[in-house]
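Student: Protein chains in written order, with the working numbering: chain A, 24 to 391; chain B, 4 to 395.
1) Taking residue 345(B) as the reference, give the member of 312(B), 33(B) and 234(B) with the closest Cα.
2) Determine, using beta carbons only, whether residue 281(B) and residue 81(B) come nearer to each other than 7 Å.
3) Which residues of chain B have a Cβ atom closer than 7 Å to the Cβ of residue 310(A), listed in chain order?
4) For chain B, find out if any of its Cβ atoms is closer than 7 Å to the Cβ of residue 160(A); answer yes or no.
5) Near residue 129(A), which residues of its chain fall below 8 Å by C-beta distance, leaving aside the five closest residues on each side in sequence?
6) Could you compute how far the alpha carbon of residue 21(B) sits from the alpha carbon of residue 258(B)?
7) Check the Cβ of residue 280(B) against every Cβ in chain A and list those closer than 9 Å, keeping chain order.
8) Report the start-end ranges of each beta strand (DSSP E) in the stretch 267 to 339 of chain A that is 3 residues or longer and not cut off at the edges.
9) Quick test of your reading: residue 168(A) and residue 237(A), contact by CB under 8 Å. State the CB separation rounded to the nearest angstrom.
10) Kindly indicate if chain C contains any beta-carbon less than 7 Å away from that of residue 44(B).
11) Does residue 47(A) have its Cβ less than 7 Å from a Cβ in chain B?
12) Please classify residue 163(B) as buried or exposed, where buried requires at least 16 other C-beta atoms within 10 Å of its C-beta.
13) Determine the DSSP secondary structure at residue 150(A), reduced to helix, strand or coil.
14) Could you list the residues in the stretch 20 to 42 of chain B with a C-beta less than 9 Å from some C-beta on chain A, going in chain order?
15) Whose CA, out of 16(B), 325(B), 362(B) and 308(B), lies closest to the CA of residue 128(B)?
16) I'd like the span of the alpha helix (DSSP H) that includes residue 116(B), first residue to last.
17) With a CB to CB cut of under 8 Å and the five nearest residues on each side skipped, what residues in its chain are close to residue 42(B)?
18) Do we get a CB-CB distance below 7 Å when we pair residue 58(B) with the residues of chain A?
19) Mark residue 104(B) as exposed unless 16 or more other C-beta atoms lie within 10 angstroms of its C-beta, in which case mark it buried.
20) Could you check if residue 382(A) is buried or exposed, using at least 16 other CB atoms within 10 Å of its CB as the buried criterion?
21) Between which two residues does the beta strand (DSSP E) carrying residue 11(B) extend?
22) Okay, do the stretch 318 to 331 of chain A and the stretch 327 to 336 of chain B touch, 3+ Cβ pairs below 8 Å being the bar?
23) Is there a C-beta anywhere in chain A that falls below 7 Å from the one on residue 302(B)?
24) Would you list, in chain order, the members of the stretch 322 to 350 of chain B that have their beta-carbon closer than 7 Å to a beta-carbon of chain A?
25) Compute the beta-carbon to beta-carbon distance between residue 321(B) and residue 307(B), rounded to the nearest angstrom, for a pair I have assumed lies under 8 Å.
26) What residues of chain A sit near residue 284(B), judged by a beta carbon separation below 7 Å?
27) Between the Cα of residue 135(A) and the Cα atoms of 33(A), 107(A), 267(A) and 262(A), which residue gives the shortest distance?
28) Grouping DSSP H, G and I as helix and E and B as strand, with all else coil, what is residue 96(B)?
29) Pick out whichever of 296(A), 214(A), 244(A) and 121(A) has its Cα sitting closest to the Cα of residue 94(A).
30) Relative to the C-alpha of residue 195(B), which residue among 139(B), 250(B) and 278(B) is closest?
31) Hey, does residue 136(B) have any beta-carbon neighbour from chain A nearer than 7 Å?
32) Cβ closer than 9 Å: which chain A residues qualify as neighbours of residue 267(B)?
33) Taking the alpha carbon of residue 219(A) as the point to measure from, which residue in 90(A), 282(A), 140(A) and 233(A) has its own alpha carbon closest?
34) Residue 289(A) and residue 40(B) look like a contact to me (Cβ under 8 Å); what is the Cβ gap, rounded to whole Å?
35) Go through its chain and collect everything with a Cβ distance to residue 112(B)'s Cβ below 7 Å, but skip five positions before and after it.
36) Taking 7 Å as the CB-CB limit, is residue 357(A) close to chain B?
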């Protein structure tokens, strides 16, 4: 994979996740008890042997920069190449929306990079994938662009997504808006493999035309002009772009198969090291079907929930169907169907519950 | 020779075999033994160094150093990957006129005179890599300076019946040491040396050279160098330490130290954000407790998958506990795989061991005084086996 570089594109609209994206971009949203969304695609790239990864940001990227640091936790603190964070280049609102012109504005970086092939991926895709086979497929097919797709599970529900119609050899023939839940639907994912030179040309065209255009849109519009092939993303996948998807896919982590595949195969998911000690369960604690990170102290009961690093649960507190980031839960408090962002304090005896099916999101630092 | 002057260089003795830990140290040195669910014993001393702002740290290795070397690496987890020193691993080496193994603790330091001289320090802090404790060495240095001492030895009171396992000191009112005996049969004091010595470097150097010239010396700090310094009238002071300190030199004490972490008011607080204990990060996900799991009064680390019942246990990184299994009063080391319906009570199961369905591991008399059973690393215990020990 010496000849492949990675681009992670944190270009989503900034406010999709309500309180969770008040202070942070989507790629920086905490997920799965200890990670942020970007960790999955970044670890996949690093584990695939990519040594040159650029993260293109647009707004609210302070927490992302803090999280990524020098790239050390992904083994990307390299003398040659390594991890680089690209702040937005434009002030022009029209161009801001499009990632293509942003790539083009940073063309010096691409020119300087020795790799000839680029994997461009969105920062909010949950997956664990080794890109080697896909890159081989891309080269064997002599494709201009290879896009990734995932086969939607029956009954999974969700937002309308772009679905692909493929020829027998894997070439994309059409892209349609469709329901993710229609079984066997091939959902287009924002992961692309293409030559660096082509990415620059597309960027140049977008910039010259003054279009704020997205790579995904360009690919769809150019199906007749370019050889676009599709490759199935192996293993578990999820695209997180609203709170209900965030909640649903978080809860899927409580299934044994998801836990065993997403976190371990084909590689481990890396994240910023926090040096938390193991979690301590005190006398009288009761835990059931939950995912618990290190650094917690738990005296109460936890059911069908995800606890991030450093959560304190006092005696008699009950947590059910919830996602709790580093927060303190007072004695006898009762939380059901809630998502607590970091540094929330829930006072003793307080009862907080979300609506049926819809979690209640409590923003960072609140006292309840 | 010297370029930068360092106030203090730490020399961490990590070459011991720890024979009393039996099979736990067959493949690795005692400081590399796993502890507390995610750590290795040496992490506590290395974290003390970095939290006290003390580096360079020289780690003296000899017995089974491979796992220790890999663990320490360039010292990044402890923030000891520094341009000016950081951590250096110091194994015995060959010179033009031959080479020798480290014969004793003092000899190990003597053979690395050059390493210390490079940094031209005022003090040398000699530490041991096989104790569990949190200590701010910068306070020890300040105390040493206030006392205008030549040597300061950190001491901790131990139960009288255990005093003969340690280097024991008698001290005067002003804490000046008047007598030091290594492992005395009839201890006259219960102030034990913690294996933490602070020396003025120029003085230590003279005494190490003197010790080398003595053909009958066993080149050991406790047996030779410290008594010699006392005899020659050096200003030697005891620094009383009041926190948690444990020599985990036996299977029983290793088990006990793990169990002491479970108390709500544990004397060793590993949750203090101002004094973190650092270690190598294994990139494991949060642990998963299944609907059938029952976990109480225990420590559980990342990457574990638990379907069974766990009471009063330390469950280390990456452990699998199958359905119907019941674990009590035990320490399960990293990456152990326990099948279904396994029963374990009062045992230490060492790293990477596989225990198949239906096995029973327990002491026959089952009481609180029963001996701790140790199952060694990287073995497979077949289905429905029984490992037990008669009480007494």
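Each residue gets a CB set at the ideal place from its N, CA and C atoms; glycine is no exception.
Tutor: Concretely, from the data shown:
1) As a working note, residue 345(B) is residue 342 in the second chain. Taking only the C-alpha atoms, the option nearest residue 345(B) is 312(B).
2) Looking up residue 281(B) in the second chain gives position 278. Looking up residue 81(B) in the second chain gives position 78. The beta carbons of residue 281(B) and residue 81(B) sit closer together than 7 Å.
3) Looking up residue 310(A) in the first chain gives position 287. Residues of chain B with a Cβ closer than 7 Å to the Cβ of residue 310(A) are, in chain order, 292, 296 and 298.
4) For this step, residue 160(A) is matched to residue 137 along the first chain. Cβ-Cβ to chain B under 7 Å: no for residue 160(A).
5) Along the first chain, one-based indexing puts residue 129(A) at 106. Annotation for residue 129(A): 77, 79, 109 and 112 place their beta carbon closer than 8 Å to its own, counting only its chain and skipping 5 residues before and after.
6) Against the second chain, residue 21(B) aligns to sequence position 18. Against the second chain, residue 258(B) aligns to sequence position 255. Between the alpha carbons of residue 21(B) and residue 258(B) lies a gap of roughly 15 Å.
7) By 1-based counting over the second chain, the position of residue 280(B) is 277. Within 9 Å Cβ-Cβ: 298 and 300.
8) Entirely contained in the stretch 267 to 339 of chain A, the beta strand (DSSP E) runs reaching 3 residues are, in chain order, 302 to 304, 309 to 311, 313 to 315 and 324 to 326.
9) Working through the first chain from its first residue, we reach residue 168(A) at position 145. Working through the first chain from its first residue, we reach residue 237(A) at position 214. 14 Å between Cβ atoms; not a contact.
10) Note that chain C does not occur in the displayed structure, where the protein chains are A and B.
11) Sequence index remark: in the first chain, residue 47(A) carries index 24 (1-based). When Cβ-Cβ separations below 7 Å define contact, residue 47(A) makes no contact with chain B.
12) Your numbering for residue 163(B) matches position 160 in the second chain. With fewer than 16 other Cβ atoms from the protein chains shown falling within 10 Å of its own Cβ, residue 163(B) counts as exposed.
13) Walking along the first chain from the start, residue 150(A) turns up at place 127. In the three-state reduction of the DSSP assignment, residue 150(A) falls in the strand class, which pools E and B.
14) In summary, the residues of the stretch 20 to 42 of chain B whose CB is separated from some CB of chain A by less than 9 Å are 39, 40, 41 and 42, in the order they occur in the chain.
15) As a working note, residue 128(B) is residue 125 in the second chain. In terms of Cα proximity to residue 128(B), the closest of 16(B), 325(B), 362(B) and 308(B) is 16(B).
16) For the purposes of this step, residue 116(B) is taken as the residue at position 113 of the second chain. Counted as a single uninterrupted DSSP element, the alpha helix (DSSP H) harbouring residue 116(B) occupies residues 116 to 122.
17) Reading the second chain from its first residue, position 39 is the one you call residue 42(B). Excluding residues within five positions, the ones whose Cβ falls inside 8 Å are 280 and 282.
18) Residue 58(B) sits at position 55 when you count from the first residue of the second chain. Between residue 58(B) and chain A, the shortest Cβ-Cβ separation is not below 7 Å.
19) By one-based count along the second chain, residue 104(B) stands at place 101. Classification for residue 104(B): exposed.
20) To locate residue 382(A), count along the first chain from 1; it is residue 359. Of the other Cβ atoms in all chains shown, 16 or more fall within 10 Å of the Cβ of residue 382(A); this residue is therefore buried.
21) Along the second chain, read from residue 1 onward, the residue named residue 11(B) stands at position 8. Boundaries of the beta strand (DSSP E) harbouring residue 11(B): 11 to 16, taken from the DSSP string.
22) Because the criterion of three Cβ pairs below 8 Å is not met, the stretch 318 to 331 of chain A and the stretch 327 to 336 of chain B do not touch.
23) What you label residue 302(B) is simply residue 299 of the second chain in a count that begins at 1. With respect to chain A, the C-beta atom of residue 302(B) has a partner C-beta closer than 7 Å.
24) Here the close residues number zero.
25) Position 318 of the second chain, counting from 1, holds the residue named residue 321(B). Position 304 of the second chain, counting from 1, holds the residue named residue 307(B). A Cβ-Cβ distance of about 7 Å is found for the pair residue 321(B) and residue 307(B), placing them in contact under the 8 Å criterion.
26) Counting from one through the second chain, the residue named residue 284(B) turns up at place 281. Those within 7 Å of residue 284(B) in chain A are 296.
27) The residue you call residue 135(A) lines up with position 112 of the first chain. Closest by alpha carbon: 107(A).
28) As a position in the second chain, residue 96(B) is number 93, starting the count at 1. Residue 96(B) falls in the coil class under three-state DSSP.
29) Here residue 94(A) refers to the residue found at position 71 of the first chain. The shortest Cα separation from residue 94(A) among 296(A), 214(A), 244(A) and 121(A) belongs to 296(A).
30) Within the second chain, numbered from 1, the residue matching residue 195(B) stands at position 192. Out of 139(B), 250(B) and 278(B), the CA that lies nearest to the CA of residue 195(B) is found in 250(B).
31) Sequence index remark: in the second chain, residue 136(B) carries index 133 (1-based). Answer no: the Cβ-Cβ gap between residue 136(B) and chain A never drops below 7 Å.
32) For this step, residue 267(B) is matched to residue 264 along the second chain. Within chain A, the residues near residue 267(B) are 303, 305, 306, 320 and 322.
33) Within the first chain, the letter at position 196 stands for residue 219(A). Comparing C-alpha distances from residue 219(A) to each of 90(A), 282(A), 140(A) and 233(A) shows the shortest one belongs to 140(A).
34) Within the first chain, numbered from 1, the residue matching residue 289(A) stands at position 266. Within the second chain, numbered from 1, the residue matching residue 40(B) stands at position 37. By a beta-carbon distance limit of 8 Å, residue 289(A) does not contact residue 40(B). Their separation comes to about 27 Å.
35) Translated into positions along the second chain, residue 112(B) becomes position 109. Here the set comprises 14, 129 and 211.
36) Indexing the first chain from 1 puts residue 357(A) at position 334. Residue-level contact by beta carbon fails for residue 357(A) and chain B, as no gap is shorter than 7 Å.
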